[in-house]
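Everything below concerns the one structure shown next.
In this note's numbering, the protein residues as written are 1065 to 1128.
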(Lines of atoms letter the chains of each structure in order from A and count residues from 1; the text may use other names and numbers.)
(Lines give C-alpha, C1' and ligand atoms only; values in the text may rest on other atoms or scores of the structure.)
Protein backbone atom coordinates (compact mmCIF):
# COMPACT_ATOMS: atom_id res chain seq x y z
CA UNK A 1 0.00 0.00 0.00
CA UNK A 2 1.15 3.56 -0.65
CA UNK A 3 1.64 6.00 2.21
CA UNK A 4 2.67 9.63 2.59
CA UNK A 5 5.36 10.10 5.25
CA UNK A 6 4.22 12.64 7.88
CA UNK A 7 7.46 12.62 9.92
CA UNK A 8 9.44 15.83 10.39
CA UNK A 9 12.78 13.99 10.05
CA UNK A 10 14.18 11.18 7.86
CA UNK A 11 14.19 7.66 9.29
CA UNK A 12 14.91 4.09 8.22
CA UNK A 13 12.56 1.15 8.81
CA UNK A 14 13.68 -2.47 8.67
CA UNK A 15 10.81 -4.77 7.70
CA UNK A 16 11.96 -8.35 7.33
CA UNK A 17 15.12 -8.18 5.24
CA UNK A 18 14.07 -4.94 3.48
CA UNK A 19 15.26 -1.46 4.40
CA UNK A 20 12.89 1.46 3.77
CA UNK A 21 14.20 5.04 3.86
CA UNK A 22 11.46 7.48 4.79
CA UNK A 23 11.71 11.22 4.16
CA UNK A 24 9.18 13.91 5.15
CA UNK A 25 6.44 14.31 2.53
CA UNK A 26 7.61 11.30 0.52
CA UNK A 27 5.17 8.80 -0.99
CA UNK A 28 6.36 5.26 -0.35
CA UNK A 29 5.13 1.71 -0.92
CA UNK A 30 5.13 -0.29 2.34
CA UNK A 31 3.73 -3.71 3.31
CA UNK A 32 0.53 -2.87 5.20
CA UNK A 33 0.66 -6.18 7.10
CA UNK A 34 3.87 -5.20 8.94
CA UNK A 35 3.32 -4.34 12.61
CA UNK A 36 5.61 -1.29 12.48
CA UNK A 37 3.60 0.13 9.55
CA UNK A 38 0.35 -0.28 11.52
CA UNK A 39 1.99 1.42 14.52
CA UNK A 40 3.36 4.33 12.47
CA UNK A 41 -0.05 4.75 10.82
CA UNK A 42 -1.77 4.75 14.23
CA UNK A 43 0.65 7.39 15.52
CA UNK A 44 -0.03 9.57 12.48
CA UNK A 45 3.47 9.18 11.02
CA UNK A 46 2.09 7.57 7.84
CA UNK A 47 -0.98 8.65 5.89
CA UNK A 48 -2.55 5.99 3.64
CA UNK A 49 -3.05 7.22 0.10
CA UNK A 50 -6.19 6.28 -1.80
CA UNK A 51 -5.62 3.63 -4.41
CA UNK A 52 -6.32 4.72 -7.93
CA UNK A 53 -8.62 2.44 -9.89
CA UNK A 54 -6.87 0.86 -12.81
CA UNK A 55 -7.96 2.41 -16.06
CA UNK A 56 -8.61 0.18 -18.99
CA UNK A 57 -8.14 1.29 -22.54
CA UNK A 58 -11.21 1.16 -24.72
CA UNK A 59 -10.69 -0.54 -28.02
CA UNK A 60 -12.06 1.44 -30.91
CA UNK A 61 -12.93 -0.41 -34.04
CA UNK A 62 -12.30 1.12 -37.42
CA UNK A 63 -15.79 1.04 -38.88
CA UNK A 64 -15.05 2.25 -42.38
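Glycine residues also receive a C-beta, built at the ideal position from the N, C-alpha and C atoms.
Quick check: the Cα distance between residue 1111 and residue 1105, rounded to an integer number of angstroms?
As a working mapping, residue 1111 is identified with position 47 in the chain shown. As a working mapping, residue 1105 is identified with position 41 in the chain shown. Each residue's Cα considered, the two are about 6 Å apart.
Comparing alpha-carbon positions, which option in 1085, 1079, 1080, 1065 lies nearest residue 1071?
Mapped onto the chain shown, residue 1071 falls at position 7. Of 1085, 1079, 1080, 1065, the residue nearest in Cα terms is 1085.
Simplified DSSP assignment, three categories, for residue 1073:
Locating residue 1073 in the chain shown gives position 9, counting from the first residue. Residue 1073: coil per DSSP, three-state reduction.
Classify residue 1104 as helix, strand or coil using the three-state DSSP reduction.
Position 40 of the chain shown, counted from the first residue, corresponds to residue 1104. Three-state DSSP puts residue 1104 in a helix.
Please list the terminal residues of the continuous beta strand (DSSP E) segment that includes residue 1109.
The residue you call residue 1109 lines up with position 45 of the chain shown. It is not in any beta strand (DSSP E) - residue 1109 carries neither H nor E in the DSSP assignment.
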